[in-house]
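Below is one structure, written out as structure tokens; the observations come after it.
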Amino acid sequence: MARTKSNYKVLDYRNNVGFAKSCYSKGEVIVLIVFLRFKSLSREDVWLLLRYLFILLAGLLFFNQKAIAQEIRSRSVVVMEASTGKIMYAKNPDLRCMPASTTKLMTAIVVIENANLKDIVTVSRNAARVLPHKVGLREGDKVSIEELLNAALIGSANDAAVALAEAVAGSEETFVEMMNKKAKDIGAINTRFVNASGLPGKGQYTTAYDLAKIMAYSLKYTRLKKILGTRVVEITTENGKEIFLKNTNRLLWANDDVVGGKTGYTRWAKHCLVFAAERQQDTLVVALLGSPSRENLWREA
């Protein structure tokens, strides 16, 4: 069954395939057979065989990528290398989707760049009356910019987002103009905001690609990155009101590599998430929009 040639003991692949199958995987058997056949092939035949194998592997990789895309149920997904902007994976990266509360990431960027975090804000009636998700701010409450950022990013509070917009720009409308300008400056050219909270609004949209770019940009601000990665916090208004906040980003408990992110949900936008993960010197940003269920969102993330 075995023969010796040039002092090397070689398996007879024709007579020992059954043995090989019992000891090796299918892939290893193929490699073994190819290796053994090289001894009897001409140089031209070897190059033809290598060319065939290359085409075969390329096809397998292509169809495997398509299979992965079919398994992903979120409407738009991007995995991006934060430092270079290189796309590691994408599904419908430029599909316009409603951003829901991932909008608050841009709200926070504009606030960080245009306000003193220690400044005290008096909550307006307009901000206090925002629905649905809120932390219970009341008209006349006095809260620092930093505490409002905690409420907007950790607790995903819409009332806090509107209070921030009014504090920075005088009105939410003017603040939204600042948000849209910043989006364009970052390179998020397929993004348009109509409010600071992410509540449904006509003409408000983003893409997974743009959202990943916004997340990558936000990481340059140490304070913002720290807030996005905070699991729980208690904020206190100047009036003495204490508000406990738990981060809506479940990944912060499930994966130590995750350094922060922002969730979002409305009935129209479905479930959304953008987050960053670090391992050694590498930082990846993942954006998912339009996931059909919360369970599916966390599974895909």
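Residue numbering for the sequence shown follows our numbering, starting at 96 and increasing by one per position. Quick reminder that beta carbons are idealized off the backbone N, C-alpha and C, glycines included. Note that this is a predicted model, so its numbers are computed, not measured.
Asked, Found
"Distance between Ala247 and Ile338 (C-alpha atoms, nearest Å)", "12 Å"
"Residue closest to Leu226, alpha-carbon to alpha-carbon, out of Thr198, Pro295 and Arg374", "Pro295"
"The region 214-229 touching the region 308-316, judged by at least three CB pairs closer than 8 Å", "no"
"Contact set for Val173: own chain, Cβ-Cβ below 6 Å, skip 5 residues either direction", "Ala185, Pro188, Ala303, Tyr304, Ala307 and Ala382"
"Distance CB(Val257)-CB(Glu267) smaller than 8 Å", "yes"
"Which of helix, strand or coil DSSP assigns to Ser239", "strand"
"Rounded straight-line distance, which links the Cα of Lys276 to that of Val328", "31 Å"
"Assigned exposure category for Met274 - 16 Cβ within 10 Å defines buried", "buried"
"Beta-carbon proximity of Leu323 to Gly282, cut-off 8 Å", "no"
"Proximity of Ile207 and Thr325 at Cβ, strictly below 8 Å", "no"
"Three-state class that DSSP yields for Met183 in the structure shown", "strand"
"Run of the beta strand (DSSP E) containing Tyr304, from where it starts to where it stops", "Looking at the DSSP string, Tyr304 is not in any beta strand (DSSP E); the run it does join, the alpha helix (DSSP H), is Ala303 to Ser313."
"Three-way DSSP call (helix, strand, coil) for Arg389 in this model", "helix"
"Exposure label - Lys297; buried when at least 16 CB within 10 Å", "exposed"
"Helix, strand or coil at Thr358 according to DSSP, with G and I counted as helix", "strand"
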